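Peer 1: Note that the protein sequences, when read in sequence, are chains A and B.
Taking the numbering used here, I'd label the letters of the first sequence as residues 1 to 237.
Taking the numbering used here, I'd label the letters of the second sequence as residues 1001 to 1443.
Yeah, the Cβ is synthetic: ideal placement off N, Cα and C, and Gly gets one too.
Keep in mind that this is a model prediction, so the values were computed, not measured.
Structure below; questions to follow.
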Amino acid sequence: MSQNVIRIKNVKKIYQMGKEHIQAVNGISLNIRQGEVCCLLGKSGSGKSTLLNLIAGLEKPTSGEIIFNKKHIERMNEDQLADFRQKYVGFVFQSYNLLPTLTAMENVTLPLIFKNVPLKERNDRAMEMLKNVGLEERAHHKPHEMSGGQQQRVSIARAFINSPQVVFADEPTGNLDTRTTYEMMDLITAMAKKNNQTLVIVTHDLELAEYADRIVMLSDGIIERIEDKTQVEGEKE
Amino acid sequence: MSTKDLLDMALRNLLKRKLRTFLTVLGVVIGTASIVVMVSIGIGMNESFARQLESWGSLQVINVYSPNGDNGRYMQDDDSAKDANKNGKKVKLDAVAVESFRQMAGVEAVSPIKNLYLMLGSGKLVADANFIGLDPAAMEALGYKIDEGRALNGEDVKSIVVGGGVEFYDPKLNWEMRMNSEPPKLELVGDKVEVSYDWSYGSKHADKTIKANKFEVVGTMSADGSNGWSVIMPIKELEKIEKAQQEWEKKRNGSSGGRGQKQQSHEYEQVMVKVKDIKNVQAVQQQIKDLGYRATSLSDELDAMKETTKMLRMVLGAIGAISLVVAAIGITNTMVMAIYERTREIGIMKVIGASLRDIKLLFLTEAAFIGFAGGILGIGVSFVTSKLVNFVAMQQGSDMSSSIPIWLYLGSIAFATIIGVLSGYLPAQRAMKLSALSAIKTE
């Protein structure tokens, strides 16, 4: 079986709200394998988004270990995290998070700008990515000139342009209609599969979970159940 | 992130909010311009002093007096010469001293100076004038300004240069008639004139035993300026005339004349030292003082004038500085506002791989741009203002002027840019510290 790219060991995250302590993630251990599509499924407040933020190094766990390629993410400082995100991680957000003043093309090249890739190569690679998501004709449009689906395609292109080892998607279709949702999911899983990239999707939507190799169901900050479709074949509603 | 991308992105971010950027830049423009104009008025003030003093004589010339004589004592304002005398050192202002001055670093020319009041005759007209004897080779370097003809040079012996203010008159006329008649205008250059120590020269009381010396006028000096009433002559010739005069006096008075003692040693009353670079004047002057001589220069006067206006110039500079401080606060304010607005953008950049350094540099660059643009436009405004000040001052006949040297232009651009960077530092630090997550969550 493939290697574990991320190993999570007994991770807890406790928020302090006034005098109350809220245990958003309450002792989760999980391994994510290289090349799999892993879905963190749960209702609002189940701790799924917090878990994603912890894995991606956007937040620090209160306790526990998160190991990415043998490196402890929870021990990294801001500079190391920036470097880590630049090299290994891509993000797709519910609200696209494109920079409104940049064109689609420029948005896609942004990660490469921070990586100091020369202009020519940057633009070639961005065009290639835009072709992959079917938006080469919109390359020079600003985000506000595009539909939600198109914007999300741009953000997918941006997430994949740096060939990251892992792509995190937080409710990637939350703002899209049903038809576009399927298009988007087909696209993102296909892109991940093509280069054996790991995809971690956070959603509350059971339909999206259908695209996953493994579904991790979360509730009240703990793992309720893990459904591994690579082992239990053909189990569908 | 490459520098080019950084500049590109910073510029783009600024252009996105044109009005706000413009207003912030405007603050810097006003700040820069007010500093530059204020400083330029201060500089103009000093320059006009220098010009004023230049008209009295060269600023690069140091006048050296013997500590033994009493010439120039009224100018003396420090005790170095007296101290040197107390130590028992008897310094003489003689040919050896002249030579030692000549050897000093930065000295361009040295000449001993002798002053003597003599009569000058041209045809039937005469004039009385102060004759200055000097080393003819040094005349040009010593800053005597020639109006017509030429200055004396090393080969001149029986040549003189006459000041335009020297007034000729007919000795046959009495005072009243002289006052009422126009002074005759003479074209002296090229003419032979006579020089005599006889005070009655040309009149009917003239002493026929005194032989006048013939000199050729090679040039004239302008009537305004400190040497307008003087006649310049090679010092050797003047010394000869003085000697003859003393002998004549001795003969006439029978016993020793008043000036007899002077002859004991060949000491000069005064030596002029010309320094090549005005910056070295004070150093050379100090060196001469250290040898035990008394030394004064117009640059002392200039320094004193500058000193008295220092306070005024500082106040002017402070007024300018205050407006630049206000501009700096404006930059900081704009950048802090920008961070609030762009919290999300900063978060996105962080999440997709911007390093802390990238974020910090981006904001610093934007602030630096504001400063730089303000500096550039500011000096443009200062240039126009400076011309305007000069124009108005000229119209009113005022001596005030504004002068902007190139270093002030370049310095103020650099200064404005640095102010920009400094003002941007706090906001940049703040942007850098924003957590990527909280930045993204802002909706």
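(1) What does ARG1012 (chain B) reach in chain A if we use C-beta pairs closer than 7 Å?
(2) Starting from MET1104 (chain B), trace the alpha helix (DSSP H) both ways and give me its first and last residue.
(3) Count Cβ pairs between the region 1317–1329 of chain B and the region 19–37 of chain A that sit closer than 8 Å; are there 3 or more?
(4) Under 7 Å between C-beta atoms, does ALA1005 (chain B) make it to chain A?
(5) Within 7 Å (strictly less), CB to CB, does GLN151 (chain A) reach chain B?
(6) Relative to the C-alpha of ASN1333 (chain B), which residue among B:ASP1008, B:VAL1025, B:ARG1012, B:MET1009 is closest?
(7) Along the chain, where does the beta strand (DSSP E) that runs through VAL1231 (chain B) open and close?
(8) Which residue comes first and which comes last in the beta strand (DSSP E) that contains ARG225 (chain A)?
(9) Would VAL1126 (chain B) be called buried (16 or more neighbouring beta carbons within 10 Å of its own) or exposed?
(10) Could you pull the start and end residues of the beta strand (DSSP E) that ILE201 (chain A) belongs to?
(11) For the 8 Å Cβ check, are there 3 or more pairs between the region 1372–1390 of chain B and the region 1018–1037 of chain B?
(12) Identify whether ASN1115 (chain B) lies in helix, strand or coil by the three-state DSSP scheme.
(13) For ARG1357 (chain B), does the count of other Cβ atoms within 10 angstroms reach 16, so buried, or fall short, so exposed?
(14) Which chain A residues are close to GLY1353 (chain B), counting only those with a beta carbon under 7 Å from its beta carbon?
(15) Would you grab the beta carbon distance between MET129 (chain A) and ALA157 (chain A) for me? Rounded to a whole angstrom, and I think it's under 8 Å.
(16) Would you report the Cα separation of THR1417 (chain B) and THR1021 (chain B), rounded to the nearest angstrom?
(17) Give, in chain order, every residue of the region 1330–1353 of chain B whose Cβ lies closer than 9 Å to some Cβ of chain A.
(18) Measuring only the C-alpha atoms, how far is LYS1004 (chain B) from GLY1411 (chain B)?
(19) For MET146 (chain A), which of helix, strand or coil comes out of DSSP?
(20) Going straight from the alpha carbon of LEU1116 (chain B) to that of ASN1227 (chain B), what length do you get?
(21) Pull up the distance between the alpha-carbon of MET1075 (chain B) and that of SER1066 (chain B), whole angstroms please.
(22) Below 6 Å CB to CB, which residues in the same chain sit around SER1230 (chain B) once its five sequence neighbours on both sides are set aside?
(23) Kindly list, in the order they appear in chain C, the residues whose Cβ is closer than 7 Å to that of ASN10 (chain A).
(24) Rounded to a whole number of angstroms, what is the C-alpha to C-alpha distance between THR1293 (chain B) and ASN1063 (chain B)?
(25) At which residues does the beta strand (DSSP E) containing LYS1274 (chain B) begin and terminate?
(26) Tell me whether ASN1153 (chain B) sits in a helix, a strand or coil according to DSSP, three-state version.
(27) If contact is defined by three or more beta carbon pairs under 8 Å, each pair taking one atom from either stretch, is the region 50–63 of chain A in contact with the region 22–31 of chain A?
(28) LEU1356 (chain B) versus chain A: which residues are under 7 Å apart at the beta carbon?
(29) Find the nearest neighbour of ALA1373 (chain B) within the set B:MET1432, B:ALA1414, B:ASP1277, judged by alpha-carbon distance.
(30) Thinking GLN150 (chain A) and LEU135 (chain A) are a contact (beta carbons under 8 Å), I'd like their distance in whole angstroms, please.
(31) For ALA1127 (chain B), list the residues DSSP reports as bridge partners.
(32) So who's on the other strand from ASN31 (chain A), going by DSSP bridges?
(33) Using beta-carbon positions only, say whether ALA1137 (chain B) and GLY1154 (chain B) come within less than 7 Å of one another.
(34) Are the beta-carbon atoms belonging to VAL1157 (chain B) and ILE1232 (chain B) less than 7 Å from one another?
(35) Using the Cα positions of GLN80 (chain A) and LEU110 (chain A), report the straight-line distance between them to the nearest angstrom.
(36) Going by alpha carbons, who is nearest to LEU58 (chain A) out of B:ALA1033, B:GLU1301, B:VAL1351, B:PRO1234?
Peer 2: So, to answer that:
(1) Taking the second sequence and counting its residues from 1, one reaches residue 1012 (chain B) at position 12. The answer, in chain order, is THR101.
(2) Counting from 1 along the second sequence, the entry for residue 1104 (chain B) is found at position 104. In the DSSP assignment, MET1104 (chain B) falls outside any alpha helix (DSSP H) and carries neither an H nor an E.
(3) Too few Cβ pairs lie closer than 8 Å, so no.
(4) The residue labelled residue 1005 (chain B) in the question sits at position 5 within the second sequence. Reading off the sequence shown, one finds Asp at residue 1005 (chain B), where the question assumed Ala. Yes, contact with chain A.
(5) As a working note, residue 151 (chain A) is residue 151 in the first sequence. Put simply, the CB of GLN151 (chain A) is far from chain B, with every gap to its CB atoms at 7 Å or more.
(6) Start at 1 with the first residue of the second sequence, and residue 1333 (chain B) comes out as number 333. Proximity to ASN1333 (chain B) across B:ASP1008, B:VAL1025, B:ARG1012, B:MET1009 peaks at B:VAL1025, based on C-alpha coordinates.
(7) Along the second sequence, read from residue 1 onward, the residue named residue 1231 (chain B) stands at position 231. Segment 1230–1234, the beta strand (DSSP E) holding VAL1231 (chain B).
(8) As a position in the first sequence, residue 225 (chain A) is number 225, starting the count at 1. In the DSSP annotation of this structure, the continuous segment of the beta strand (DSSP E) that includes ARG225 (chain A) starts and ends at 222–228.
(9) Reading the second sequence from its first residue, position 126 is the one you call residue 1126 (chain B). Result: buried.
(10) Taking the first residue of the first sequence as position 1, residue 201 (chain A) is located at position 201. From DSSP, the beta strand (DSSP E) with ILE201 (chain A) extends over 198–203.
(11) Yes: at least three Cβ pairs fall under 8 Å.
(12) One-based indexing of the second sequence puts residue 1115 (chain B) at position 115. Here ASN1115 (chain B) sits in strand by DSSP.
(13) As a first step, residue 1357 (chain B) must be located in the second sequence, where it is residue number 357. Classification for ARG1357 (chain B): exposed.
(14) Start at 1 with the first residue of the second sequence, and residue 1353 (chain B) comes out as number 353. Chain A residues near GLY1353 (chain B): ALA82, ARG85, GLN86, PRO111, PHE114, LYS115.
(15) Walking along the first sequence from the start, residue 129 (chain A) turns up at place 129. Walking along the first sequence from the start, residue 157 (chain A) turns up at place 157. Confirmed, about 4 Å.
(16) Taking the second sequence and counting its residues from 1, the one referred to as residue 1417 (chain B) is at position 417. Taking the second sequence and counting its residues from 1, the one referred to as residue 1021 (chain B) is at position 21. Rounded to whole angstroms, THR1417 (chain B) to THR1021 (chain B) spans 15 Å at the Cα level.
(17) Listed by position along the chain: ARG1344, GLU1345, GLY1347, ILE1348, MET1349, LYS1350, VAL1351, ILE1352, GLY1353.
(18) Along the second sequence, one-based indexing puts residue 1004 (chain B) at 4. Along the second sequence, one-based indexing puts residue 1411 (chain B) at 411. Distance between the alpha carbons of LYS1004 (chain B) and GLY1411 (chain B) is about 25 Å.
(19) For the purposes of this step, residue 146 (chain A) is identified with residue 146 of the first sequence, where counting begins at 1. The answer is coil: DSSP assigns MET146 (chain A) none of H, G, I, E or B.
(20) As a first step, residue 1116 (chain B) is located in the second sequence; it is residue number 116 there, counting from the start. As a first step, residue 1227 (chain B) is located in the second sequence; it is residue number 227 there, counting from the start. Counting only the Cα atoms, ASN1227 (chain B) lies some 14 Å from LEU1116 (chain B).
(21) The residue given as residue 1075 (chain B) occupies position 75 in the second sequence. The residue given as residue 1066 (chain B) occupies position 66 in the second sequence. Low per-residue confidence applies at MET1075 (chain B): pLDDT is 43, beneath 50, and the placement is therefore not dependable, though the value from the model is reported in the following sentence. In a straight line, the C-alpha of MET1075 (chain B) is about 13 Å away from that of SER1066 (chain B).
(22) Sequence index remark: in the second sequence, residue 1230 (chain B) carries index 230 (1-based). Around SER1230 (chain B): ASN1130, ILE1132, GLY1163.
(23) Within the model displayed, chain C is absent; protein chains A and B are what it includes.
(24) Indexing the second sequence from 1 puts residue 1293 (chain B) at position 293. Indexing the second sequence from 1 puts residue 1063 (chain B) at position 63. According to the sequence as given, residue 1293 (chain B) is Tyr; it is not Thr. Straight across, the Cα-Cα distance linking TYR1293 (chain B) with ASN1063 (chain B) is about 10 Å.
(25) For the purposes of this step, residue 1274 (chain B) is identified with residue 274 of the second sequence, where counting begins at 1. Segment 1270–1275, the beta strand (DSSP E) holding LYS1274 (chain B).
(26) Taking the first residue of the second sequence as position 1, residue 1153 (chain B) is located at position 153. Here ASN1153 (chain B) carries a coil assignment [DSSP, helix/strand/coil].
(27) Note that the region 22–31 of chain A touches the region 50–63 of chain A; at least 3 beta-carbon pairs, one per stretch, sit closer than 8 Å.
(28) By 1-based counting over the second sequence, the position of residue 1356 (chain B) is 356. Per Cβ cutoff of 7 Å: GLU78, ASP79, ALA82.
(29) Walking along the second sequence from the start, residue 1373 (chain B) turns up at place 373. Ranking B:MET1432, B:ALA1414, B:ASP1277 by Cα distance to ALA1373 (chain B) puts B:ALA1414 first.
(30) Mapped onto the first sequence, residue 150 (chain A) falls at position 150. Mapped onto the first sequence, residue 135 (chain A) falls at position 135. Confirmed, Cβ separation roughly 6 Å.
(31) Residue numbering aside, residue 1127 (chain B) sits at position 127 when the second sequence is read from its first letter. BP columns for ALA1127 (chain B) point to B:LEU1120.
(32) Along the first sequence, one-based indexing puts residue 31 (chain A) at 31. A:ARG7, per the DSSP bridge assignment.
(33) Looking up residue 1137 (chain B) in the second sequence gives position 137. Looking up residue 1154 (chain B) in the second sequence gives position 154. For the 7 Å CB-CB criterion, ALA1137 (chain B) and GLY1154 (chain B) form a contact.
(34) Taking the first residue of the second sequence as position 1, residue 1157 (chain B) is located at position 157. Taking the first residue of the second sequence as position 1, residue 1232 (chain B) is located at position 232. Cβ atoms of VAL1157 (chain B) and ILE1232 (chain B): not closer than 7 Å.
(35) Position 80 of the first sequence holds residue 80 (chain A). Position 110 of the first sequence holds residue 110 (chain A). A direct Cα-Cα distance of roughly 19 Å separates GLN80 (chain A) from LEU110 (chain A).
(36) Taking the first residue of the first sequence as 1, we reach residue 58 (chain A) at position 58. The option with the nearest alpha carbon to LEU58 (chain A) is B:VAL1351.
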